[in-house]
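Counted from 1, the sequence shown has number 190 at position 190 by our numbering; the numbering is strictly sequential. This report concerns only the one structure given below.
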Amino acid sequence: KTTGEGKDALEDARAAARRLGGRWRCVVVGTSAEAPPLINAWVTALCPRTVFVTEGLVRQLNPTSDELAMCVGHELAHLLLGHTEEKLYLNANVYLFQLIVLAFLDPTGLLPFFGAESLRQTASLFLAKNSRSHEDEADRVGLEIASAACFDVRKGTNFMKKLADATGHAPAGWYASHPATDDRHEAIVELARTVHREAPAYKQHCRETRGAFSRIGFGLGSFR
């Protein structure tokens with residue numbers, strides 16, 4: 001008999017299969033030659049089973065297969081964890097709350113002005129903090145996705161170092177939607193060590209999987 005906790009885990013697994021199942025495609029988005037290179041990748045619930053990667057990311061970072069797997073895994077994690085839908089929901093509720101509060105303020109005088117500005121700043125801080133939390137979570141789950149696909153996540157973490165070198169090493173501000181790239185790199189390097197250190201049986205599975213794919217002419221990461 002399946003326990004309540006087991007049923008929840010089973011439902012989570014089924015939901016994940018529904019979100020990630022089926023045929024996927026990767027779309028490389030070009031940019032104007034006059035515009036500075038845009039380094040970005042994203043998924044959206046509006047375009048199911050599609051990962052968008054900018055041409056700037058491919059050209060500027062020149063990622064290896066392991067590094068690109070980390071990037072794509074991160075984007076798949078956003079979709080798997082429902083971050084896109086949650087962001088839309090939170091934004092709608094935050095703005096609705098602001099409208100309700102402002103409706104009770106006298107529209108004359110300075111109080112409504114300062115009240116509206118305070119609400120706007122508070123909402124921006126809240127949404128930015130939530131976005132940074134999403135990015136950290138997607139880094140962790142994306143690493144697990146890449147590892148499950150038998151890519152070498154130890155080598156794949158170099159993607160974040162390349163990203164920091166290309167976009168800057170500045171710390172994240174209060175209103176930043178992403179944590180500092182250097183901090184993210186440090187965190188996933190430690191996570192990658194844990195994945196490889198604690199799963200000897202999984203390593204064997206990946207070696208066998210890679211061997212099977214190589215025999216039929218397909219490459220699969222560089223798991224060691």
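Note that beta-carbon positions come from the ideal geometry of N, C-alpha and C, so glycine has one too. Note that this is a predicted model, so its numbers are computed, not measured.
Asked: Just to confirm before moving on: does the CB-CB distance between T31 and E55 stay below 9 Å?; Found: yes
Asked: Report, in whole angstroms, the separation of the C-beta atoms of L119 and V101, which I expect to be a contact under 8 Å.; Found: 6 Å
Asked: Quick one: residues in its chain with C-beta nearer than 6 Å to the C-beta of W69, no 5 flanking neighbours on either side, listed in chain order?; Found: Here the sequence assigns Ala to residue 69, which means Trp is not the residue at that position. The residues are A146, F151 and G156.
Asked: State buried or exposed for P63, treating a residue as buried only when at least 16 other CB atoms are found within 10 Å of its CB.; Found: buried
Asked: Per DSSP, V153 is paired with what?; Found: Paired residues: none, contrary to the question.
Asked: From P171, V153, L99 and E186, pick the residue whose C-alpha is nearest to that of V195; which is it?; Found: V153
Asked: With DSSP as the reference, label V94 as helix, strand or coil.; Found: helix
Asked: Should the region 74-89 be regarded as contacting the region 137-144, the criterion being three or more beta carbon pairs within less than 8 Å?; Found: yes
Asked: Tell me which same chain residues have a C-beta within less than 7 Å of the C-beta of G60, skipping the five on either side of it?; Found: The question names Gly, yet the displayed sequence has Gln at residue 60. Closer than 7 Å at the Cβ level, and outside the excluded window around Q60, lie P37, I39 and A166.
Asked: Select from R25, A164, F114 and R193 the residue whose C-alpha is nearest the C-alpha of D183.; Found: A164
Asked: Under 9 Å between the Cβ atoms of L191 and L143?; Found: yes
Asked: Which residue comes first and which comes last in the beta strand (DSSP E) that contains F238?; Found: Outside the shown range of the chain (1 to 224) lies residue 238, about which nothing can therefore be said.
Asked: According to DSSP, is R132 helix, strand or coil?; Found: helix
Asked: Using CA atoms only, rank isn't needed, just tell me which of V53, F159, T181 and A33 is closest to R25.; Found: V53
Asked: DSSP has R41 in a bridge; who is on the other side?; Found: Looking at the sequence shown, residue 41 is not Arg but Ala. Paired residues: V53.
Asked: So, with DSSP's three-state summary, where would you put R23?; Found: coil
Asked: Tell me the DSSP bridge mates of V29?; Found: T54
Asked: What distance in whole Å lies between the Cβ atoms of H178 and K161, which are believed to be in contact at a cut-off of 8 Å?; Found: The Cβ separation is near 15 Å, so there is no contact.
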